[in-house]
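In terms of full-length UniProt numbering, the sequence shown opens at residue 1 and continues consecutively.
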Amino acid sequence: MQTVAVSARLDQVRYDIRGPLSRRAHELEAEGRRILRLNIGNPGLFGFRVPQHLRDAISEKLPQSEAYCHQQGLLEAREAIAAQHRRHGAAAAAERVFLGNGVSELIGLSLSALLDPGDEVLVPAPDYPLWTAATRLNGGVPVHYQCPPERDHLPDPDEIAALVTPRTKALVVINPNNPTGAVYPRAVLDAMVAIAERHGLVLLCDEIYDSVLYDGAKFEPLAPLALDVPCISYGGLSKVHLACGYRVGWASVTGAERRIRPLLHALDLLASLRLCSNVTAQWAIKPALEGPNEIGKLTQPGGRLYEARAAIRNGVARSQFLTMVTPQAALYAFPGVDPERLPGFDDETFALGLLENENIILVPGSSFNIAARNHFRLTMLPEPAVLDEALAAIERELARTAEKKTRRVA
Ligand SMILES: Cc1ncc(COP(=O)(O)O)c(C=O)c1O
1 MQTVAVSARL DQVRYDIRGP LSRRAHELEA EGRRILRLNI GNPGLFGFRV
51 PQHLRDAISE KLPQSEAYCH QQGLLEAREA IAAQHRRHGA AAAAERVFLG
101 NGVSELIGLS LSALLDPGDE VLVPAPDYPL WTAATRLNGG VPVHYQCPPE
151 RDHLPDPDEI AALVTPRTKA LVVINPNNPT GAVYPRAVLD AMVAIAERHG
201 LVLLCDEIYD SVLYDGAKFE PLAPLALDVP CISYGGLSKV HLACGYRVGW
251 ASVTGAERRI RPLLHALDLL ASLRLCSNVT AQWAIKPALE GPNEIGKLTQ
301 PGGRLYEARA AIRNGVARSQ FLTMVTPQAA LYAFPGVDPE RLPGFDDETF
351 ALGLLENENI ILVPGSSFNI AARNHFRLTM LPEPAVLDEA LAAIERELAR
401 TAEKKTRRVA
């Protein structure tokens, strides 16, 4: 019997956050083990609740959610998004906002609108790996610019400029960053805009963590700095409003009218092909953007996310093996293993060992498109006491890894 041949386009496409390690975790769960899931930024799994006023809005509007809506999304939701962007100084307009089933869908739509085979997209490394995957899926070539821990995970604009070729089409900015928690300073963002302007690139700015900030970190949205430069800014309900399961994301297109007109038409066509995004959940957007800032309470001292981050920082400080740039934003920590203490460390082997021996799943750093194999990402979502224990378990597994190496050398 012949097996089904799937598209060769998928050969280079990876999304290891839900990859082989995650499948192994499911197998272990089926055998009755309890696995601590530190691999996915899914607040609802850890007892975080969607703010009540969002749920109320959806219940109330359920009877008005039965028809398709406009391909770009409900007007009242798009108006609320554009108004929020305008408050931050961007020239946003409801007619240039597109709603999607999560930012995920809109990333695919945007790259599909922009790329011809062989077009290059500048993507940060580490990145949120959908950006690299969606570039490849749409025939593009991801070209990674490095954001290493030695530079507090910030990009170097000169290095980015040196990667531009005549095929470069777009520059992806993930700010605040997943997986590193870096928040880009104004000077870096200005320099990135200048590169886009000089080389005619589109800025693709993933700002889904724009209000998940610690220690007074200041987030600067890109669109107000980009002015006439074509820019798509992405945001959504998944993280800031703790509503991953609602699948609500948005993309706001800004830039000089004459430059963005074809892009708007392409996005409109692609949005029409999928008719519209989930209508029910769109009713939560206006109350989310106009209501109280619930996430701010969680990221303040005493707040659940703040204290979770402190538990991870303390665990790293106690560790014989780990170092970390403290995340200033988002829901993740991205520690590294000191290569002098554990030479030849392999992040994937370690992650598998941690799962098998300690019942914890996290994501190896190389899943985020970096060459180095000495990092891993864990979420800051469990209770701080649970993270305390998880860090102790990680240390035990690191010690086991060190012991094996010593035995092999001896
Ligand atoms: C940086 C970044 N962008 C986009 C997404 C996709 O979010 P959603 O599709 O839930 O809106 C995520 C999810 O973790 C993310 O971390």
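We treat Cβ as the ideally placed atom computed from N, Cα and C, and that holds for glycine.
Given the structure is predicted, the values throughout are model-derived calculations rather than measurements.
Are the Cβ atoms of residue i and residue j separated by less than 8 Å?
i	j	result
Gly296	Pro126	no
Asp190	Leu227	no
Asp338	Arg373	no
Tyr234	Val103	yes
Gly255	Gly100	no
Pro230	Ile260	yes
Ala133	Val13	yes
Ala196	Leu203	yes
Pro166	Val188	no
Leu106	Ala288	no
Gly344	Arg400	no
Val279	Ser65	yes
Ala170	His85	no
Ala82	Ala92	yes
Ile360	Leu21	no
residue 440	Cys276	Absent from the structure is residue 440, since the part of the chain shown begins at 1 and ends at 410.
Phe219	Val183	yes
Pro117	Asp16	no
Arg396	Glu358	yes
Pro63	Val325	no
So who's on the other strand from residue i, going by DSSP bridges?
i	result
Thr132	Per DSSP, none; premise fails for Thr132.
Asp206	Ile174 and Tyr234
Gln2	Answer is none; Gln2 lacks a bridge partner.
Ser252	Val97 and Ser233
Val164	Answer is none; Val164 lacks a bridge partner.
Gln146	Ala125
Val141	Glu120
Tyr246	According to DSSP, Tyr246 bridges with nothing at all.
His193	The residue you asked about is not His; residue 193 is Val in the sequence shown. Paired residues: none, contrary to the question.
Glu364	Looking at the sequence shown, residue 364 is not Glu but Pro. Answer by DSSP bridge pairing, in chain order: Phe376.
Gly336	Thr323 and His375
Ala288	Note: Ala288 sits in no beta bridge, so no partner.
Arg37	Ile361
Ala329	Leu213
Thinking C-alpha only, which one of the options is nearest residue i?
i	options	result
Met192	Leu213, Gly216 and Leu154	Leu154
Pro43	Ser238, Leu111, Val386 and Val4	Ser238
Leu10	Thr135, Gln64 and Leu322	Thr135
Glu27	Ala223, Leu355, Glu403 and Leu275	Leu355
Ala390	Pro149, Asn177 and Leu36	Leu36
Thr379	Val13, Ala251 and Pro335	Pro335
Leu49	Arg304, Phe376, Thr326 and Asn357	Residue identity differs from the one stated: residue 49 is Arg in this sequence, not Leu. For the residues Arg304, Phe376, Thr326 and Asn357, the minimum Cα distance to Arg49 belongs to Arg304.
Ala94	Arg87, Leu75 and Ala271	Leu75
Ala351	Val363, Val188 and Lys61	Val363
Val97	Gly236, Glu159, Leu398 and Pro292	Gly236
Asp152	Glu397, Ala329 and Pro384	Ala329
Ala371	Glu31, Glu348 and Pro384	Glu348
Asn177	Met1, Gly41, Ala402 and Arg18	Gly41
Val240	Arg258, Gly47 and Glu207	Glu207
Val172	Glu159, Ala5 and Leu201	Leu201
Ile160	Tyr68, Pro129, Arg198 and Gly181	Arg198
Pro384	Gly32, His88, Phe46 and Asp119	Phe46
Ala271	Phe376, Arg18, Val325 and Gln71	Gln71
Asp119	Thr168, Glu150, Arg34 and Arg87	Thr168
Pro382	Glu29, Leu38, Ala402 and Arg18	Leu38
Ala57	Gly181, Arg258 and Lys286	Lys286
Ala402	Cys69, Leu322 and Val4	Leu322
Give the C-beta separation of residue i and residue j to the nearest angstrom, bearing in mind that I take them to be a contact with Cβ-Cβ under 8 Å.
i	j	result
Ala217	Tyr246	That pair is no contact at about 26 Å.
Cys147	Asn175	Rounded, the Cβ-Cβ distance is 10 Å, inconsistent with contact.
Ala77	Gln282	5 Å
Leu263	Val253	6 Å
Arg309	Pro327	7 Å
Val143	Trp131	So it is not a contact: roughly 12 Å between Cβ atoms.
Ser110	Ala251	7 Å
Leu273	Ala113	Contact flag wrong, Cβ pair sits at about 11 Å.
Phe368	Pro185	Incorrect: roughly 22 Å between the Cβ atoms, too far for contact.
Pro51	Glu290	That pair is no contact at about 12 Å.
Tyr332	Arg377	5 Å
For chain C, find out if any of its Cβ atoms is closer than 8 Å to the Cβ of residue i; answer yes or no.
i	result
Val316	The chain labelled as chain C is not found in the depicted structure, where only one protein chain is given.
Taking 7 Å as the cut-off, is the beta-carbon of residue i closer than that to any non-hydrogen atom of ligand 2?
i	result
Ser22	Ligand 2 is absent from the structure shown, which contains only ligand 1.
Next on the checklist: Taking contact to mean 3 or more Cβ pairs, one atom from each stretch, closer than 8 Å, check whether the stretch 303-317 and the stretch 131-139 are in contact.
Outcome noted: With the cut-off at 8 Å, the stretch 303-317 and the stretch 131-139 do not touch.
Item to check | the stretch 289-307 in contact with the stretch 198-215 per 3-pair CB rule at 8 Å | outcome: With the cut-off at 8 Å, the stretch 289-307 and the stretch 198-215 touch.
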